[in-house]
Amino acid sequence: MNIRPLSDRVLIEPTAAEEVTLGGIIIPDSAKEKPLKGKVVAVGQGTKDEEMILKTGDIVLYGKYSGTEIEFEGIKYLMMRQSDVLAIVEG
67 MNIRPLSDRV LIEPTAAEEV TLGGIIIPDS AKEKPLKGKV VAVGQGTKDE
117 EMILKTGDIV LYGKYSGTEI EFEGIKYLMM RQSDVLAIVE G
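So for the sequence shown, our numbering puts the first residue at 67; every next one is plus one.
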């Protein structure tokens with residue numbers, strides 16, 4: 067990974083949205099719900115006031131409108147602050 071987040075930011079690769087069908091009608095990508103779960107692919111160093119708790123490889127839950135969308139080498143990511151992450155999925 068050639069992207070290194072700064073400060074308390076993390077780079078998340080969202081999980082793919084599940085394809086939803088309604089009685090044979092396929093819902094287009096633009097109408098699908100934004101995924102709320104993803105994998106942390108890079109983390110910053112944290113700040114003097116906030117220690118970096120997340121680590122690369124963590125599966126996390128985040129708010130529907132959290133983060134900034136970034137596309138790098140054809141893959142879409144979300145860049146957000148650690149405080150925008152709601153939970154770490156364990157197990």
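Quick reminder that beta carbons are idealized off the backbone N, C-alpha and C, glycines included.
Worksheet item: Does the Cβ-Cβ distance between Gly110 and Ile78 come in under 8 Å?
Response: Taking the sequence shown and counting its residues from 1, one reaches residue 110 at position 44. Taking the sequence shown and counting its residues from 1, one reaches residue 78 at position 12. No, the pair does not count as a contact, with Cβ atoms beyond the cut-off.
Item to complete: Could you check how far apart the C-beta atoms of Thr134 and Leu144 are, in whole angstroms? I think they sit under 8 Å.
Response: As a working mapping, residue 134 is identified with position 68 in the sequence shown. As a working mapping, residue 144 is identified with position 78 in the sequence shown. Contact holds; Cβ gap of about 7 Å.
Worksheet item: What is the rounded straight-line gap between the Cα of Asp31 and the Cα of Ile141?
Response: Outside the displayed span of the chain (67 to 157) sits residue 31, for which this structure offers no information.
Worksheet item: Skipping 5 residues on each side, what residues in its chain have a beta carbon closer than 6 Å to that of Ser73?
Response: Locating residue 73 in the sequence shown gives position 7, where the first residue counts as 1. When the five nearest sequence neighbours on each side are left out, the beta carbons in the same chain lying within less than 6 Å of the beta carbon of Ser73 are those of Gly110 and Thr113, in order along the chain.
Fill in: Among Val151, Arg147 and Ala108, the one whose alpha carbon lies nearest that of Gly129
Your numbering for residue 129 matches position 63 in the sequence shown. Nearest C-alpha to Gly129 among Val151, Arg147 and Ala108: Val151.
Worksheet entry | Chain-order list of residues whose beta-carbon lies under 7 Å from that of Ile69 (same chain, five-residue window excluded) | By 1-based counting over the sequence shown, the position of residue 69 is 3. Correct list, in chain order: Leu77, Ala108 and Phe138.
Discussion item. Assuming Tyr128 is part of the beta strand (DSSP E), what are its boundary residues?
Written reply: As a position in the sequence shown, residue 128 is number 62, starting the count at 1. Following the DSSP letters along the chain, one finds Tyr128 inside the beta strand (DSSP E) bounded by residues Ile125 to Tyr128.
Fill in: Beta-carbon contacts of Glu116 that lie in its chain and below 6 Å, excluding the five residues immediately before and after
If you number the sequence shown from 1, residue 116 lands on position 50. Cβ within range, chain order: Asp74.
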